[in-house]
Amino acid sequence: MFAYKQKTNQFLEWEKVFDNFYGTPSAYVQEQLKTGMNVLLCIDVKGARQVRKKEPDSVGIFVKTSSLEELKKRLTKRGSESTDVLKLRFNTAKNELKDLKFYEYVIINDHLTTAYKNLHKIILQIIRQKNCVAG
Numbered sequence: 505m506f507a508y509k510q511k512t513n514q515f516l517e518w519e520k521v522f523d524n525f526y527g528t529p530s531a532y533v534q535e536q537l538k539t540g541m542n543v544l545l546c547i548d549v550k551g552a553r554q555v556r557k558k559e560p561d562s563v564g565i566f567v568k569t570s571s572l573e574e575l576k577k578r579l580t581k582r583g584s585e586s587t588d589v590l591k592l593r594f595n596t597a598k599n600e601l602k603d604l605k606f607y608e609y610v611i612i613n614d615h616l617t618t619a620y621k622n623l624h625k626i627i628l629q630i631i632r633q634k635n636c637v638a639g
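The sequence shown runs 505 to 639 under the numbering used here.
What follows is the structure, given as structure tokens:
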């Protein structure tokens, strides 16, 4: 089913992430936008690039830790992945930081409550400005 939807361009964006496929249905997003709703997507940088191409007025919000050391600590603390998977996830995250310049907003997620408040404030600001796709 996923492959069929890929071939028939039914996704706004899709990506294979760590051996799993993820995608955002175009029809759903377009339907929401037509009714005046705003759309918030939780996607990786590759997906965000695809969205930008199709929805140039979209707004990017990048959520990250304050440092690579903090990221490594969090990934290790989970204890749910092998050393190889941890290295892959860490290197992927490190490479994704290169795309920061393509985002209108960056949120540092070191304290959940603070990060949430910052995200909420940004979303309200975006909503006031225009109806759009934010990813």
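For every residue, glycine included, the Cβ atom is placed at its ideal position computed from N, Cα and C.
The distance from the Cβ of Phe-594 to that of Leu-579 is about 6 Å, consistent with a contact at the 8 Å cut-off. Within the same chain, Ile-565, Tyr-609 and Ile-611 come within 8 Å of Ile-626 by CB-CB distance, once the 5 residues on both sides are set aside. Here the alpha carbons of Lys-550 and Leu-590 stand approximately 20 Å from one another. DSSP places Asn-599 inside the alpha helix (DSSP H), whose first and last residues are 587-600.
Checking the DSSP bridge columns, you'll see Ile-612 partnered with Lys-568. Straight through space, the alpha carbons of Leu-628 and Tyr-532 are spaced by roughly 22 Å.
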